[in-house]
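Worksheet: the structure to be examined is printed underneath.
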């Protein structure tokens with residue numbers, strides 16, 4: 299029986315061989331006592347000979363996994379076992395257990411080798427592989443799988459544990475087999491790496507793309523390494539990129555054709571106001587060649603009067619307060635004249651939000667402006683003409699009234715009297731009637747003369763308008779009425795805020811004469827007559843006022859008749875009822891109007907409104 | 016033979032007044048002819064005689080176009096008067112105007128007996144007076 303480290307003395311070679319084994323071994327007898335071991339075992343486990351032979355040590359926790367295996371005495375091969383070894387952080391052993399049969403008993407032996415460093419390499423390899431691709435296959439040129447490394451198995455769900463030794467073709471759809479064989483041939487012939495992107499290589503009807511890379515590690519070696527990587531995300535991203543690029547190209551194409559062929563002038567402008575690009579239309583509108591234009595800054599073309607507004611708008615864009623603006627500006631044509639441009643400006647931005655350049659679109663609206671101003675002018679003339687026509691209608695209506703009453707009246711009386719004449723036997727009666735008839739005939743004649751004057755006024759609108767000095771005219775009239783002024787001790791007060799009135803001088807004199815004469819006529823005996831003559835401006839119209847402190851007139855009673863022909867309102871005053879009628883007719887003829895305010899016993903104020911607008915428009919006609 | 020007591024002719028045309036008077040005198044149907052050359056005078060006369068029905072006119076021939084107070088103004092004042100009970104005054108508007116606008120204006124005064132356009136002959140006057148005569 300062997301009690302301790304003993305080697306069969308009968309076979310010295312056996313002991314020498316055992317001692318030379320790199321693998322360690324430990325053998326026990328049926329009772330579990332250690333009967334043999336070799337130096338490699340001591341070395342691998344880093345224990346002493348006495349520890350090895352101490353059954354107590356083997357039962358202690360220090361014996362670790364090997365102690366356990368010795369007690370279990372199971373048969374196995376090539377288990378990787380972690381063993382606690384003094385002064386070694388990590389120690390993996392590849393261990394095999396075997397029964398030993400002698401003639402009398404059954405012993406047990408563990409053989410083991412330190413594989414720690416191998417496992418470390420393997421682990422690094424796995425780490426490297428997993429960082430590279432989804433799947434790496436090593437296979438023969440015939441397609442037999444030698445090794446399979448799989449990352450992200452969730453995606454492919456291949457039974458990778460069982461794949462070793464099987465044909466790669468049973469894992470791929472029919473349609474890819476031929477193509478894959480071609481790829482293998484290509485790799486063998488070219489000796490170079492071959493890469494393809496295949497859609498759905500496992501035939502699972504998925505929108506997935508895999509990049510397959512085949513490499514032949516060496517020409518003597520009949521193996522091929524296939525690495526497979528899921529590139530769906532990249533593929534889709536590429537697809538989108540391609541699409542985006544196409545769209546971008548399309549829109550650039552569109553912009554280019556718009557730019558080149560648009561009837562609208564378009565320019566790209568730097569933020570410092572230099573022309574970056576100008577289209578043909580704008581060049582044509584402004585009259586410059588491309589070369590001439592590129593040397594100019596925008597600011598040299600904008601009309602000086604429009605400059606402040608232009609600067610303000612561009613500043614707002616540059617400050618990013620607005621993105622676009624529209625404006626109407628005058629731009630200088632190459633010939634020197636200015637063109638009215640309607641323009642829209644918008645900013646093109648860089649990805650960071652800063653301004654890349656400005657896009658300026660401009661249309662020549664000079665003609666439109668002209669049309670617009672023509673239309674306005676015509677409108678004014680039309681308006682004036684309409685006022686003029688209304689006045690003329692009023693005048694005609696008034697003339698009709700005069701004919702009906704002041705001409706037809708005495709005429710009918712004359713007819714009646716002619717019928718009566720034969721019946722008058724008495725000479726005295728005849729004479730009386732003849733006297734009346736004469737008066738009537740004279741009345742008709744005087745009315746006809748007045749009508750003639752009125753018509754002359756209306757026809758004579760060609761009278762020259764000159765600047766009339768109102769003060770001079772008033773003073774002159776006042777002295778011509780000196781007799782009445784002295785008689786009544788009348789006072790004149792003037793305030794001419796508008797010293798000059800553009801009018802026909804004789805007509806203005808006539809208007810002032812009648813108004814001042816009336817003011818001197820209808821005076822109150824108990825107060826000293828005070829007559830005020832004033833002018834001022836009111837809504838573009840010059841107003842002339844003649845105001846008195848005379849007897850006044852009951853406008854409620856007589857208002858509508860005040861300016862009528864041959865109307866009289868005050869008994870006992872010298873009046874033929876023609877003056878106010880005539881001046882209103884004059885005023886109306888030139889588009890003006892006359893108004894009155896009065897209070898019985900206090901005085902009257904007459905206001906003449908000179909319509910300058912009509913006069914201007916008549917010049918335009 | 017019955018006669019109409021008072022007739023007022025309101026017109027500023029002296030020739031017309033003269034011719035009317037001649038006609039009235041010749042027809043001998045009117046006792047007294049009152050001449051007024053404007054509406055105000057006629058109105059004042061009527062106002063002053065509201066208490067003397069014998070002096071009030073039975074007929075007024077009223078011209079439209081007159082100074083101081085014209086025919087229309089007279090009519091507006093006239094309607095305000097309160098005439099003695101039972102007193103009937105026929106008012107005719109006489110005008111030389113043939114304008115539709117004047118005719119329309121006359122319709123504002125429905126109590127008018129008529130609207131006459133000058134010239135007015137002897138026959139028309141006779142007709143008007145005959146109508147007025149007490150039966």
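Chains as they are written, first to last, in the numbering used here: chain A, 299 to 919; chain H, 16 to 150. Idealized CB from N, CA, C, for every residue including glycine.
* Should residue 559 (chain A) be labelled buried (16 or more other beta-carbon atoms within 10 Å of its own) or exposed? -> Here residue 559 (chain A) is taken as the residue at index 261 of the first chain, counted from 1. That one is exposed.
* To do: For chain H, find out if any of its Cβ atoms is closer than 8 Å to the Cβ of residue 869 (chain A); answer yes or no.
  => Here residue 869 (chain A) refers to the residue found at position 571 when the first chain is read from its first residue. Any Cβ of chain H closer than 8 Å to the Cβ of residue 869 (chain A) would place that residue at the interface, and such an atom is present.
* Proximity winner among A:778, A:739 and A:796, relative to residue 765 (chain A) (alpha-carbon distances) -> On the first chain, position 467 is the one that residue 765 (chain A) refers to. For residue 765 (chain A), the nearest C-alpha among the options comes from A:796.
* Does the beta-carbon of residue 886 (chain A) have 16 or more other beta-carbons within 10 angstroms, so that it is buried, or is it exposed? -> For this step, residue 886 (chain A) is matched to residue 588 along the first chain. Answer is buried; the Cβ neighbour count reaches 16.
* To do: Would you grab the beta carbon distance between residue 61 (chain H) and residue 22 (chain H) for me? Rounded to a whole angstrom, and I think it's under 8 Å.
  => In the second chain, residue 61 (chain H) corresponds to position 46, counting from 1. In the second chain, residue 22 (chain H) corresponds to position 7, counting from 1. That pair is no contact at about 13 Å.
* For residue 507 (chain A), write down the residues that DSSP places opposite it in a beta bridge. => Here residue 507 (chain A) refers to the residue found at position 209 when the first chain is read from its first residue. DSSP, once it has assigned bridges, lists A:497 as partnering residue 507 (chain A).
* **Min CB distance residue 703 (chain A) to chain H below 8 Å** => Position 405 of the first chain, counted from the start, is the residue given in the question as residue 703 (chain A). Chain H contact via Cβ: present.
* How long is the line joining the alpha carbons of residue 349 (chain A) and residue 332 (chain A), rounded to whole angstroms? -> Translated into the one-based positions of the first chain, residue 349 (chain A) becomes position 51. Translated into the one-based positions of the first chain, residue 332 (chain A) becomes position 34. Spanning the two alpha carbons is a distance of roughly 11 Å.
* Which partner residues does residue 893 (chain A) have in the DSSP bridge list? -> For the purposes of this step, residue 893 (chain A) is identified with residue 595 of the first chain, where counting begins at 1. Residue 893 (chain A) is bridged by DSSP to A:905.
* **Own chain, CB closer than 7 Å to residue 302 (chain A), minus 5 neighbours either side, in chain order** => Numbered from its first residue, the first chain carries residue 302 (chain A) at position 4. At residue 302 (chain A), the pLDDT of 37 sits below 50, so the modelled position is not reliable; the number obtained from the coordinates is stated separately. Contacts found: 351.
* To do: Could you have a look at residue 386 (chain A) and say whether DSSP puts it in helix, strand or coil?
  => Start at 1 with the first residue of the first chain, and residue 386 (chain A) comes out as number 88. It is a strand residue.
* To do: Report the neighbours of residue 115 (chain H) on chain A: residues whose CB is nearer than 8 Å to its CB, in chain order.
  => Taking the first residue of the second chain as position 1, residue 115 (chain H) is located at position 100. Here the premise fails: no neighbours, minimum Cβ distance about 11 Å.
* Asked: With 16 other CB atoms within 10 Å as the buried threshold, where does residue 507 (chain A) fall?
  -> For this step, residue 507 (chain A) is matched to residue 209 along the first chain. Residue 507 (chain A) should be labelled buried.
* To do: Report the residue from A:770, A:743 and A:863 whose alpha carbon sits nearest the alpha carbon of residue 694 (chain A).
  => Counted from its first residue, the first chain places residue 694 (chain A) at position 396. Residue A:863 is the option with its Cα nearest to residue 694 (chain A).
* Asked: Can you give the Cα-Cα distance for residue 515 (chain A) and residue 412 (chain A), rounded to whole angstroms?
  -> Counted from its first residue, the first chain places residue 515 (chain A) at position 217. Counted from its first residue, the first chain places residue 412 (chain A) at position 114. Distance between the alpha carbons of residue 515 (chain A) and residue 412 (chain A): 30 Å.
* Out of A:699, A:323 and A:619, which has the shortest C-alpha to C-alpha gap to residue 865 (chain A)? -> Translated into the one-based positions of the first chain, residue 865 (chain A) becomes position 567. Minimum Cα distance to residue 865 (chain A) is reached at A:699.
* Asked: For the 8 Å Cβ check, are there 3 or more pairs between the stretch 850-860 of chain A and the stretch 717-730 of chain A?
  -> no
* Segment contact flag, the stretch 881-901 of chain A with the stretch 831-849 of chain A, C-beta cutoff 8 Å, min 3 pairs -> yes
* Would you verify that the beta carbon of residue 914 (chain A) is, or is not, closer than 8 Å to some beta carbon of chain H? => Residue 914 (chain A) sits at position 616 when you count from the first residue of the first chain. Its pLDDT being 44, under 50, residue 914 (chain A) is placed unreliably by the model, and the measurement read from it follows with that caveat. No, residue 914 (chain A) lies away from the interface with chain H (no Cβ there is under 8 Å from its Cβ).
* To do: Report the rounded CA-to-CA distance for residue 437 (chain A) versus residue 469 (chain A), giving the unit in angstroms.
  => Along the first chain, one-based indexing puts residue 437 (chain A) at 139. Along the first chain, one-based indexing puts residue 469 (chain A) at 171. Pairing residue 437 (chain A) with residue 469 (chain A), the inter-Cα distance amounts to about 13 Å.
* What are the residues of the stretch 122-135 of chain H that lie near chain A, defined by any Cβ-Cβ distance shorter than 9 Å? -> 132, 133, 134 and 135
* Can you give the Cα-Cα distance for residue 919 (chain A) and residue 86 (chain H), rounded to whole angstroms? -> As a working note, residue 919 (chain A) is residue 621 in the first chain. As a working note, residue 86 (chain H) is residue 71 in the second chain. The pLDDT assigned to residue 919 (chain A) is 37, lower than 50, so where the model puts this residue is not dependable; a value taken from the coordinates is nonetheless given after this. Using only the alpha carbons, I get a separation of about 45 Å.
* Asked: What is the rounded straight-line gap between the Cα of residue 794 (chain A) and the Cα of residue 779 (chain A)?
  -> Here residue 794 (chain A) refers to the residue found at position 496 when the first chain is read from its first residue. Here residue 779 (chain A) refers to the residue found at position 481 when the first chain is read from its first residue. Answer to the nearest angstrom: the Cα atoms are 20 Å apart.
* From the beta carbon of residue 29 (chain H), is the nearest beta carbon of chain A less than 8 Å away? -> For the purposes of this step, residue 29 (chain H) is taken as residue 14 along the second chain, with counting starting at 1. It does: the Cβ of residue 29 (chain H) has a partner Cβ on chain A nearer than 8 Å.
* For residue 99 (chain H), name the three-state secondary structure that DSSP assigns. => On the second chain, position 84 is the one that residue 99 (chain H) refers to. Residue state, collapsed to three classes: coil.
* Residues of the stretch 727-759 of chain A whose Cβ lies closer than 8 Å to any Cβ of chain H, in chain order -> Those residues of the stretch 727-759 of chain A that come within reach of chain H (Cβ to Cβ, closer than 8 Å) are 727, 730, 731, 734, 735, 737 and 738.
* Own chain, CB closer than 6 Å to residue 827 (chain A), minus 5 neighbours either side, in chain order -> The count along the first chain starts at 1 and reaches residue 827 (chain A) at position 529. Excluding positions up to five away in sequence, the list reads 786, 788 and 821.
* **Chain-ordered chain A contacts of residue 39 (chain H) [CB-CB under 7 Å]** => Walking along the second chain from the start, residue 39 (chain H) turns up at place 24. Going along chain A, no residue has its Cβ under 7 Å from residue 39 (chain H), so there is no contact; the nearest lies around 12 Å.
* Asked: Taking buried to mean at least 16 other C-beta atoms within 10 Å of its own C-beta, is residue 117 (chain H) buried or exposed?
  -> Counting from 1 along the second chain, the entry for residue 117 (chain H) is found at position 102. Residue 117 (chain H) is buried by the Cβ-count criterion.
* Indicate whether residue 920 (chain A) and residue 367 (chain A) have their beta-carbon atoms separated by less than 8 Å. => Look at the range of chain A in this structure, 299 to 919, and you will see that residue 920 (chain A) is not part of it.
* Rounded separation between residue 838 (chain A) and residue 908 (chain A) - CA only -> Locating residue 838 (chain A) in the first chain gives position 540, counting from the first residue. Locating residue 908 (chain A) in the first chain gives position 610, counting from the first residue. About 9 Å.
* Asked: Just by C-beta distance, which residues in the stretch 706-725 of chain A are closer than 9 Å to chain H?
  -> Identification of residues in the stretch 706-725 of chain A having a C-beta nearer than 9 Å to some C-beta of chain H yields 706, 707, 708, 709, 710, 711, 712, 713, 714, 715, 717, 718, 721 and 722, given in sequence order.
* To do: Could you work out which residue in A:322, A:849, A:406 and A:532 is closest to residue 396 (chain A) when comparing CA atoms only?
  => Counting from 1 along the first chain, the entry for residue 396 (chain A) is found at position 98. When the alpha-carbon of residue 396 (chain A) is set against those of A:322, A:849, A:406 and A:532, the nearest one is in A:406.
* Asked: Can you pull the DSSP bridge partners for residue 572 (chain A)?
  -> Locating residue 572 (chain A) in the first chain gives position 274, where the first residue counts as 1. Answer by DSSP bridge pairing, in chain order: A:595.
* Whose Cβ in chain H lies nearer than 7 Å to the Cβ of residue 865 (chain A)? -> Here residue 865 (chain A) is taken as the residue at index 567 of the first chain, counted from 1. Within 7 Å Cβ-Cβ: 82.
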